[in-house]
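Asker:
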Amino acid sequence: MYVAKGGRTGVEAYNSSQESHSPARLALAGELRRALEQRELVVYYQPQAAVATGLVTGVEALVRWHHPRQGLVGPDVFVPLAENTGLIGPLTMAVLDNALAQVRNWDRMGVHLDLAVNLSTRSLLDRGLPGVVSKMLARHGLAPQRLELEITESMIASDPERAFEVLAQLRSVGVRIALDDFGTGYSSLANLRDLEVERLKIDRSFTQAMCESHPDAVIVASTVDLAHQLGLEVVAEGVETQEAWERLRQMGCDLAQGYFLARPMAPEHATAWLTGRRKLETGAASALVEVG
Ligand code: C2E
Ligand code: MG
Ligand code: MG
Numbered sequence: 438m439y440v441a442k443g444g445r446t447g448v449e450a451y452n453s454s455q456e457s458h459s460p461a462r463l464a465l466a467g468e469l470r471r472a473l474e475q476r477e478l479v480v481y482y483q484p485q486a487a488v489a490t491g492l493v494t495g496v497e498a499l500v501r502w503h504h505p506r507q508g509l510v511g512p513d514v515f516v517p518l519a520e521n522t523g524l525i526g527p528l529t530m531a532v533l534d535n536a537l538a539q540v541r542n543w544d545r546m547g548v549h550l551d552l553a554v555n556l557s558t559r560s561l562l563d564r565g566l567p568g569v570v571s572k573m574l575a576r577h578g579l580a581p582q583r584l585e586l587e588i589t590e591s592m593i594a595s596d597p598e599r600a601f602e603v604l605a606q607l608r609s610v611g612v613r614i615a616l617d618d619f620g621t622g623y624s625s626l627a628n629l630r631d632l633e634v635e636r637l638k639i640d641r642s643f644t645q646a647m648c649e650s651h652p653d654a655v656i657v658a659s660t661v662d663l664a665h666q667l668g669l670e671v672v673a674e675g676v677e678t679q680e681a682w683e684r685l686r687q688m689g690c691d692l693a694q695g696y697f698l699a700r701p702m703a704p705e706h707a708t709a710w711l712t713g714r715r716k717l718e719t720g721a722a723s724a725l726v727e728v729g
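Mind the numbering: the sequence shown is residues 438 to 729 in this note's numbering, read in order.
(1) Counting by C-beta, which residues lie closer than 7 Å to a heavy atom of ligand 3, in chain order?
(2) Report the residue from 473, 469, 482 whose alpha carbon sits nearest the alpha carbon of residue 700.
(3) Per DSSP, what kind of secondary structure is residue 505 in: helix, strand or coil?
(4) Within the same chain, show all residues whose beta-carbon is closer than 7 Å to that of residue 561, passing over the 5 residues directly before and after it, in chain order.
(5) Could you check if residue 495 belongs to the surroundings of ligand 1, using beta carbon to heavy atom distance under 7 Å?
(6) List the whole-angstrom C-beta distance separating residue 537 from residue 524, where the pair is believed to meet the contact cut-off of C-beta under 8 Å.
(7) Only counting runs of 3 or more residues, tell me where the beta strand (DSSP E) segments fall wholly within the region 460 to 533, in order along the chain.
(8) Could you tell me the alpha carbon to alpha carbon distance between residue 573 and residue 528, rounded to whole angstroms?
(9) Given that a residue counts as buried once 16 or more other Cβ atoms are within 10 Å of its Cβ, and exposed if not, what is residue 442?
(10) With a threshold of 7 Å (Cβ to nearest heavy atom), would residue 587 be considered close to ligand 2?
(11) Nearest by alpha-carbon distance to residue 467: which of 518, 503, 508, 492 is it?
(12) Using 10 angstroms around the beta-carbon of residue 448, count the other beta-carbons present and answer buried if the total reaches 16, otherwise exposed.
(13) Measuring alpha carbon to alpha carbon, tell me which of 631, 658, 674 ends up nearest residue 642.
(14) Counting only the same chain and skipping the five closest in sequence on each side, list residues whose C-beta sits under 6 Å from that of residue 616.
The following block contains the structure:
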């Protein structure tokens, strides 16, 4: 009932993974407020790179909960809890604030990266979001074009009119919008036509299956073509092997993200990884110049 109400879909089939009212989940939901206040939520970063050159262009912020007793809790568990308990607003803002500060830090170290942050349904339907995002960008001194907000089509399905309104305002702020998990759930070609997103992220279920399954390979290749024909950039998520990377290169996919390049990393690990990588990249570039 809560899923149907929250998503305004009217009817939903019972699915235990969406159950947010089991005693264990309720207890966790109760602790989430404290976690936000005590900064137990940590933003991890997963690099994205150009498929053709391997150059790292940006990172996606992926939140984790360092729970004092349960250890690392993933966003699939607590983001839905936050969504159902009214804590999603503060959570989204905390992730955004942290990640923007981190990106500015990397700027100061000479590592300039774009940032992608995931939105949730309630944030996307929040008419106050564009104003807050704009102020936050200004406070951190970051150009809006460097921020990309990831949405999914199910978020739009719950209230298309309001979602389109908020998206239009976000666009006028200057941030970019990416369509996450494309090809699953509520995917619709009408959305591709109407949404005016800049980027499309191919769901990792296709990328992971692509090298073993012909239909998945066809879906990935066709999605890359379709997106390019529409003037969109394509990101493949869940790239786990060199073979998948190579296939994506042949397909002309723009960007890739996945365990093959790097896992999501805690801030200090991400900093070490990114600065090390940047040294390699600039070393390679100067070697090219010398040869040229
Ligand atoms: P997503 O935005 O589609 O993020 C990609 C997920 O795929 C991440 O899971 C990432 O760790 C995982 N992944 C990346 N590369 C690979 C790979 O090569 N193989 C495999 N098997 N998995 C890979 P994660 O971090 O557990 O996040 C799950 C979802 O939680 C995200 O899916 C996103 O929808 C949501 N989420 C994460 N952080 C936030 C946040 O700050 N706010 C909101 N609203 N949602 C978030
Ligand atoms: Mg995402
Ligand atoms: Mg995704």
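Idealized CB from N, CA, C, for every residue including glycine. Predicted model, so just to flag it, every value in this text is computed and none were measured.
Answerer: This is what the structure holds:
(1) The chain-ordered list of residues whose CB is nearer than 7 Å to some heavy atom of ligand 3 reads 617, 618, 638, 640, 641, 674.
(2) For residue 700, the closest alpha carbon among the candidates 473, 469, 482 is that of 482.
(3) Residue state, collapsed to three classes: coil.
(4) Sequence-distant Cβ neighbours of residue 561 in its own chain, meaning closer than 7 Å and more than five residues away, are 588, 592, 600, 603.
(5) Answer for residue 495: no, Cβ out of range of ligand 1.
(6) Contact doesn't hold; Cβ gap of about 20 Å is too wide.
(7) Correct list: 478 to 487, 493 to 504, 508 to 510.
(8) Rounded to whole angstroms, residue 573 to residue 528 spans 14 Å at the Cα level.
(9) It is exposed - the Cβ of residue 442 has fewer than 16 other Cβ atoms within 10 Å.
(10) For ligand 2, at least one heavy atom lies less than 7 Å from the Cβ of residue 587.
(11) Nearest C-alpha to residue 467: 518.
(12) For residue 448, the number of other beta carbons within 10 angstroms of its own is below 16, and it is reported as exposed.
(13) 674 is the residue among 631, 658, 674 whose C-alpha sits nearest the C-alpha of residue 642.
(14) Excluding its 5 nearest sequence neighbours in each direction, residue 616 has C-beta neighbours in its own chain below 6 Å: 634, 637, listed in chain order.
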